[in-house]
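Engineer: What follows is a structure written as structure tokens; I'll ask about it next.
Protein chains in written order, with my numbering: chain A, -4 to 393; chain B, 15 to 344.
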């Protein structure tokens, strides 16, 4: 702590010297003359951070395993960051050269973060759809002749097995295969839930906007009440109740979870759909359609929906993230997606203890982090894309 | 001033009404359960007479409306009912020491959770406002972009991911902080602080990102106003323009977002407490959900919802109070 403060103060001094030296050497060039002290400090801080990262990376490659293990994760993170950045950059170049005129134009104005997001989402989609082709074993397959509880990392001395790089779980299922199938289950269920939430929230929101009156009042107040309870807490309460009903009705708990989260999240969609819808129903073309004698269904689906697509699409991305994180949190707490379905949240909970071995067996600790990181990576990717879309559609240039 | 007072009173009344309705929702939800408390406690082999007698003792033979008001009356007096898990017949006949009531179970854990939330707020609020001001000051620079990417990533990561990353770097690879927060009563403050620092840091990461982005957005929004242009033309330094001129006017949205994020903390603690085995109310809630301890679930739910509504209400009232146009009507 003292060293940290001392380093910051030292950098403050260096920053001053840096600016002063710049002013003297360049003969008071405008660049240095007008440089605020904060900017000078920023340059020094940035340099120090980059130098430290480079040093840590070299430490990660060190011969001494004790030191290398300590910086292993930082090394992997730096490598991952660089690889992803290069992949996103290549992907953007690819998008700029091939495809229709429209898609080429889109890629031209795209920031690197957005192209990284699109690339990641594509990879997840492919992984989810073709999971059986990628996974070496089935998600519920107990591999004959292989012990249970193989430690991740493939290090024989620690109880690993190179054939199962991420090990096996307590009844002998391959964790790597379950991780890949997790893309199908976790993402698929979250996607279905979001769709359902949009179907519910969108329909009722547009109906409330078009019909108004008492229907609007009732629905809006109902949504107000549901939104007054924190969503994760409410979901947990309802899941408790569902867990009692599920065995009695013979319906899997996962179905209940999809319904519960869809209903809770549809309140947020309802708010947005109603607000957007209300702006649209006062338009002249709606008046014209009403005078033509069009029915309610026509109004909602042919007039309002097409004009509300843009904000709803951005909301869909954000909502998907929320749903995905809620499901992951529920699964992590043990009341979400139920076994035998492979799922990332559950895997993090089951494998979490391996993090404590990071000191001497870094590969063993990667298994839970991979599952948690897979969740984080997808939500980050979706958020980057949504951020870019919102920025583009709002025309915000600051 | 009378104007503001009426608005605030209206908000307070609305908040109380919301709370009442939320309590009804929770009560109805819990009553959707098949079977009841008496059956659950006695198990399947219970004789109808035994079930009946417990029902009578607890007032479960009353109609739901009466039971709701009984429950609500109890809650208002601090009596949250009796936990299933610790239930024994002594507690129903009124001869027990009182350690099995939900209130007795929740009280110490509630204090722990409040402690955690407080530590988080003390770290997160100054940090996020400073970072937000800096990002607004150096907007569109490398610093701003790096901050944007980092915060967006930490907002969108699940809490347990951040928690495990922090455990990995701060507890396992560099053993600075303990990865398990075994808090007990009578602990020294410094030790308690050290043990709850890692969960607090995790929560800080989650909340800071949002608060910082909102601070930045609120300040940048104001930078287009004529009086900022004026301050700039006077030759003030950018830092002074932002801190002296923009920040006070951006306070309303910032206070709002701080209160909303503290409300978010309420839900965030659930997952974080489970990761660090922190003996707070979130941990108790999840444990009770798993063993279907309905009275505890119900009580925790009510407490979370109350905290959430109160913080939202505070946000509302603070933003009214910080608006000079409302405080000094023409």
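Backbone N, C-alpha and C fix where the C-beta goes; we use that ideal spot for every residue, glycine too.
From a predicted model like this one, the values you see are computed outputs, not experimental measurements.
1) Could you give the first and the last residue of the continuous alpha helix (DSSP H) run that contains residue 290 of chain B?
2) Residue 41 of chain B versus chain A: which residues are under 7 Å apart at the beta carbon?
3) Rounding to the nearest angstrom, what Cα-Cα distance links residue 285 of chain A and residue 294 of chain A in this structure?
4) Restricting to Cα atoms, I'd like to know which of B/233, B/60 and B/184 is closest to residue 350 of chain A.
5) Which chain A residues sit within Cβ distance under 7 Å of residue 280 of chain B?
6) Is residue 397 of chain A helix, strand or coil by DSSP?
7) What does residue 354 of chain A reach in chain B if we use C-beta pairs closer than 8 Å?
8) Entirely within the stretch 47 to 131 of chain A and at least 4 residues each: give me those alpha helix (DSSP H) ranges in chain order.
9) For the pair the stretch 215 to 233 of chain B and the stretch 130 to 142 of chain B, tell me if three or more CB-CB distances fall below 8 Å.
10) Starting from residue 239 of chain A, follow the alpha helix (DSSP H) in both directions and report where the run begins and ends.
11) Can you give me the Cβ contacts of residue 93 of chain B inside the same chain, cut-off strictly under 8 Å, excluding the 5 residues immediately before and after it?
12) Go to residue 261 of chain A, then tell me how far its alpha helix (DSSP H) extends in each direction, as first and last residue.
13) Note down the Cα distance separating residue 250 of chain B from residue 256 of chain B, rounded to an integer number of angstroms.
14) Suppose you measure from the CA of residue 320 of chain B to the CA of residue 232 of chain A; what does that come to, to the nearest Å?
15) Closer than 9 Å, CB to CB, is residue 65 of chain B near chain A or not?
16) Give the secondary structure of residue 169 of chain A by DSSP, where H, G and I count as helix, E and B as strand, and everything else as coil.
17) Per DSSP, what are the beta-bridge partners of residue 394 of chain A in this structure?
18) Ignoring anything shorter than 4 residues or poking outside the stretch 308 to 361 of chain A, list the alpha helix (DSSP H) runs there in chain order.
19) Could you name the residues of the same chain whose beta carbon sits closer than 6 Å to that of residue 189 of chain A, not counting the 5 residues immediately before and after it, in chain order?
20) Where does residue 61 of chain B fall in DSSP's three states?
21) Given that residue 319 of chain B touches chain A, what residues does it touch there, using C-beta distances under 9 Å?
22) At a cut of 8 Å, does the stretch 168 to 180 of chain A reach the stretch 203 to 213 of chain A through at least three beta carbon pairs?
23) Buried or exposed for residue 78 of chain B, going by 16 or more other Cβ atoms inside 10 Å?
24) Taking contact to mean 3 or more Cβ pairs, one atom from each stretch, closer than 8 Å, check whether the stretch 315 to 335 of chain B and the stretch 367 to 376 of chain A are in contact.
25) Which word fits residue 308 of chain A, buried or exposed, when buried means at least 16 other C-beta atoms lie within 10 angstroms of its C-beta?
26) Do the stretch 46 to 56 of chain A and the stretch 64 to 72 of chain A meet, that is, are 3 or more Cβ pairs less than 8 Å apart?
27) Alpha carbon to alpha carbon, how far is residue 101 of chain A from residue 95 of chain A? Give it in angstroms, no decimals.
28) So residue 166 of chain B contacts chain A; which residues on that side make the cut at Cβ distance below 9 Å?
29) With three or more beta-carbon pairs closer than 8 Å as the criterion, would you say the stretch 105 to 124 of chain A touches the stretch 75 to 87 of chain A?
30) Examine the Cβ distances between the stretch 234 to 252 of chain B and the stretch 176 to 192 of chain B and report whether three or more of them are shorter than 8 Å.
31) Would you verify that the beta carbon of residue 10 of chain A is, or is not, closer than 9 Å to some beta carbon of chain B?
32) Can you pull the chain A neighbours of residue 32 of chain B, defined as C-beta to C-beta under 8 Å?
33) Three Cβ pairs or more, each shorter than 8 Å: is that satisfied between the stretch 356 to 366 of chain A and the stretch 323 to 334 of chain B?
34) At 8 Å on the CB atoms, spell out the chain A contacts of residue 198 of chain B, in chain order.
35) Is the beta carbon of residue 233 of chain B closer than 9 Å to that of residue 260 of chain B?
Structural biologist: Considering the structure as presented:
1) From DSSP, the alpha helix (DSSP H) with residue 290 of chain B extends over 261 to 290.
2) Neighbours of residue 41 of chain B on chain A: none; closest Cβ ~11 Å, over 7 Å.
3) The alpha-carbon atoms of residue 285 of chain A and residue 294 of chain A are separated by roughly 8 Å.
4) Closest by C-alpha distance to residue 350 of chain A, out of B/233, B/60 and B/184, is B/184.
5) Scanning chain A for C-beta atoms nearer than 7 Å to the C-beta of residue 280 of chain B yields 225, reported in chain order.
6) Past the boundaries of the shown model lies residue 397 of chain A; chain A is included only from -4 to 393, so the question cannot be answered.
7) Ordered by position in chain B, the residues that pass the 8 Å Cβ test against residue 354 of chain A are 186 and 187.
8) Within the stretch 47 to 131 of chain A, the complete alpha helix (DSSP H) runs of at least 4 residues fall at 60 to 65, 67 to 92, 96 to 103, 107 to 124 and 126 to 129.
9) Contact holds between the stretch 215 to 233 of chain B and the stretch 130 to 142 of chain B, because three or more Cβ pairs, one in each stretch, are under 8 Å apart.
10) Residue 239 of chain A -> alpha helix (DSSP H) spans 226 to 244.
11) For residue 93 of chain B, same chain residues with a beta-carbon under 8 Å away, outside a window of 5 residues either side, are 115 and 117 in chain order.
12) Under the DSSP assignment, residue 261 of chain A falls in the alpha helix (DSSP H) whose first and last residues are 248 to 276.
13) Taken atom to atom, the span from the alpha-carbon of residue 250 of chain B to that of residue 256 of chain B is near 10 Å.
14) Cα-Cα distance, rounded: 15 Å.
15) Residue 65 of chain B does not count as touching chain A.
16) Three-state result, residue 169 of chain A: strand.
17) An answer regarding residue 394 of chain A cannot be provided, because it is not within the stretch -4 to 393 covered by chain A.
18) Unbroken alpha helix (DSSP H) stretches of 4 residues or longer found wholly inside the stretch 308 to 361 of chain A: 339 to 346, given in chain order.
19) The residues are 314, 315 and 318.
20) If DSSP states are grouped into helix, strand and coil, residue 61 of chain B belongs with coil.
21) Around residue 319 of chain B, the beta-carbon contacts reaching into chain A at under 9 Å are 223, 224, 225, 228 and 229.
22) As far as the Cβ criterion goes, the stretch 168 to 180 of chain A does not touch the stretch 203 to 213 of chain A, which means the pair count is below three.
23) By the neighbour-count rule (16 or more Cβ atoms within 10 Å), residue 78 of chain B is not buried but exposed.
24) The stretch 315 to 335 of chain B makes no contact with the stretch 367 to 376 of chain A, as fewer than three CB pairs between them are under 8 Å.
25) By the 10 Å Cβ count, residue 308 of chain A comes out exposed.
26) By the Cβ criterion, the stretch 46 to 56 of chain A is in contact with the stretch 64 to 72 of chain A, since at least three pairs of Cβ atoms, one from each stretch, lie closer than 8 Å.
27) The straight-line gap from Cα to Cα measures roughly 10 Å.
28) Ordered by position in chain A, the residues that pass the 9 Å Cβ test against residue 166 of chain B are 108, 375, 378, 379 and 382.
29) Yes: at least three Cβ pairs fall under 8 Å.
30) No, they do not touch.
31) No, no contact with chain B.
32) In chain order: 219, 220 and 223.
33) Result no; under three Cβ-Cβ pairs closer than 8 Å.
34) Neighbours of residue 198 of chain B on chain A: none; closest Cβ ~22 Å, over 8 Å.
35) With contacts defined as CB atoms closer than 9 Å, residue 260 of chain B and residue 233 of chain B qualify as a contacting pair.
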